[in-house]
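Trainee:
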Amino acid sequence: MLAPDLRTQIFRLFYALILTASCLYATYGQSALDNERSEKPATDVVRYGIVLDNSGAFRLMLERAVRIVADVVRKNEEGDQAFLMTFSDAGNIVVRQELTSNRAEMVDSVENVYAEVGRGSYLDAINASLAFMVEAEGSGAALLKSLIIVTDGEERDAAIRPDDLIIKAKANKIRLHFIVISAAKQTSKQVDRLARETDGKAVYPKTTEDFKSVSAEIAKEIRRAQSK
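The numbering of the sequence shown is my numbering, which starts it at -15 and goes up by one.
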């Protein structure tokens, strides 16, 4: 059995070691932790716009399109920001929902879209959406920026050229993703090029299984790191 004096000395030594360890952590440990946090890349800030055809020419596909994009929005994570723009023709391109991180508000705006007279012009709508997103940069930079264009893939007398859209999208690091809902069997070369040149993706759902999976596929794409 240890003598009382020896036990006291051991206790004092043990206490001193604990106190020293605590001081070292306070001085260096927390600093190292802070440095580690600062060196980590910022959380992927996702900002995207839904560009939805609500023209009379698209009216038979609109209900299905609304379900798909509403499901994309429901997959938003905390801090994600989105806006909604609809187009029925070149003269009727409307911001239906300003940039918001409120998921319920965005879903409500999507589900209240209805068809209007017009033949659609997705190139002009993309141009307007790019301008809107670039202007929104003033409210904080996003690391991952995309437009999700929902269309039948038919272009009708646009005032802007695809080349100009590609230049503008690439200059602002905005990817163009397309959900093309159409009875046409062939894909759109123009849509495919716009997606490819901007590091985006074009999907052409046809089957029931396609429509079930497309929202998850696009939601994943808007989080994918930008290709170098």
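The beta-carbon is built from N, C-alpha and C at its ideal position, and this holds for glycine as well. What you are looking at is a predicted structure, and each value in this text was computed from that prediction instead of being measured.
#1: Could you say which of Ala88, Leu83 and Val78 lies nearest to Ser105 if we only look at CA atoms?
#2: Going along the chain, which residues of its own chain have a beta-carbon closer than 7 Å to the beta-carbon of Asp64, five neighbours each way excluded?
#3: For Met45, I'd like the list of residues in its chain whose CB is within less than 6 Å of its CB, leaving aside the five on either flank, ordered along the chain.
#4: At which residues does the beta strand (DSSP E) containing Glu82 begin and terminate?
#5: Please report how far the alpha carbon of Asp148 lies from the alpha carbon of Val91, in whole angstroms.
#6: With a CB to CB cut of under 8 Å and the five nearest residues on each side skipped, what residues in its chain are close to Asn19?
#7: Residue range of the beta strand (DSSP E) that Ser166 falls in?
#8: Would DSSP call Tyr32 helix, strand or coil?
#9: Within 10 angstroms of its Cβ, does Val198 collect 16 or more other Cβ (buried), or is it exposed?
#10: Are the beta-carbon atoms of Ser130 and Val35 separated by less than 7 Å?
#11: For a quick check, are the C-beta atoms of Asp108 and Ala54 less than 7 Å apart?
#12: Is the separation between the beta-carbon of Gly33 and that of Asp73 shorter than 7 Å?
#13: Can you list, in chain order, the residues of its chain whose CB lies under 6 Å from that of Ala179, leaving out five sequence neighbours each side?
#14: List, from N- to C-terminal side, the beta strand (DSSP E) runs of 3 residues or more that fit wholly inside the stretch 114 to 140.
#15: By DSSP, does Glu100 sit in helix, in strand, or in coil?
#16: Start and end of the beta strand (DSSP E) containing Ala66?
#17: For Asn96, count neighbouring Cβ atoms within 10 angstroms of its own Cβ and tell me buried if that reaches 16, exposed if not.
Mentor: The answer reads as follows:
#1: Translated into the one-based positions of the sequence shown, residue 105 becomes position 121. With distances taken between CA atoms, Ser105 lies nearest to Val78 out of Ala88, Leu83 and Val78.
#2: As a first step, residue 64 must be located in the sequence shown, where it is residue number 80. For Asp64, where only same-chain residues beyond five positions count, the Cβ hits under 7 Å are Val30 and Ser85.
#3: Position 61 of the sequence shown, counted from the first residue, corresponds to residue 45. Only Ile165 meet the Cβ criterion.
#4: Taking the sequence shown and counting its residues from 1, one reaches residue 82 at position 98. Where Glu82 is concerned, the enclosing beta strand (DSSP E) stretches over Ile77 to Thr84.
#5: Within the sequence shown, residue 148 is the residue found at index 164, counting from 1. Within the sequence shown, residue 91 is the residue found at index 107, counting from 1. In this structure, the straight-line span from the alpha carbon of Asp148 to that of Val91 is close to 31 Å.
#6: Taking the first residue of the sequence shown as position 1, residue 19 is located at position 35. Unreliable positioning characterises Asn19 in this predicted model, as indicated by a pLDDT of 49, which lies under 50. The coordinate reading is nonetheless provided below. No residues qualify anywhere along the chain.
#7: The residue given as residue 166 occupies position 182 in the sequence shown. Unbroken run through Ser166: none, as it is neither H nor E.
#8: Sequence index remark: in the sequence shown, residue 32 carries index 48 (1-based). DSSP, reduced to helix, strand and coil, places Tyr32 within a strand of the structure shown.
#9: Numbered from its first residue, the sequence shown carries residue 198 at position 214. By the 10 Å Cβ count, Val198 comes out buried.
#10: In the sequence shown, the residue the question calls residue 130 occupies position 146. In the sequence shown, the residue the question calls residue 35 occupies position 51. Taking 7 Å as the Cβ cut-off, Ser130 and Val35 do not qualify as a contacting pair.
#11: As a first step, residue 108 is located in the sequence shown; it is residue number 124 there, counting from the start. As a first step, residue 54 is located in the sequence shown; it is residue number 70 there, counting from the start. No, the Cβ-Cβ distance between Asp108 and Ala54 is not below 7 Å.
#12: Against the sequence shown, residue 33 aligns to sequence position 49. Against the sequence shown, residue 73 aligns to sequence position 89. Gly33 is not a Cβ neighbour of Asp73, given a cutoff of 7 Å.
#13: Position 195 of the sequence shown holds residue 179. Cβ neighbours of Ala179 within its own chain (closer than 6 Å, five residues either side excluded): Leu160, Phe162, Lys185 and Ala186.
#14: With a minimum length of 3 residues, the continuous beta strand (DSSP E) runs that stay inside the stretch 114 to 140 are 128 to 135.
#15: Your numbering for residue 100 matches position 116 in the sequence shown. In this structure, Glu100 counts as strand in the three-state DSSP scheme.
#16: On the sequence shown, position 82 is the one that residue 66 refers to. Per DSSP, Ala66 belongs to the beta strand (DSSP E) from Gln65 to Phe71.
#17: By 1-based counting over the sequence shown, the position of residue 96 is 112. Using a 10 angstroms sphere on the CB of Asn96, the tally of other CB atoms stays under 16, which defines it as exposed.
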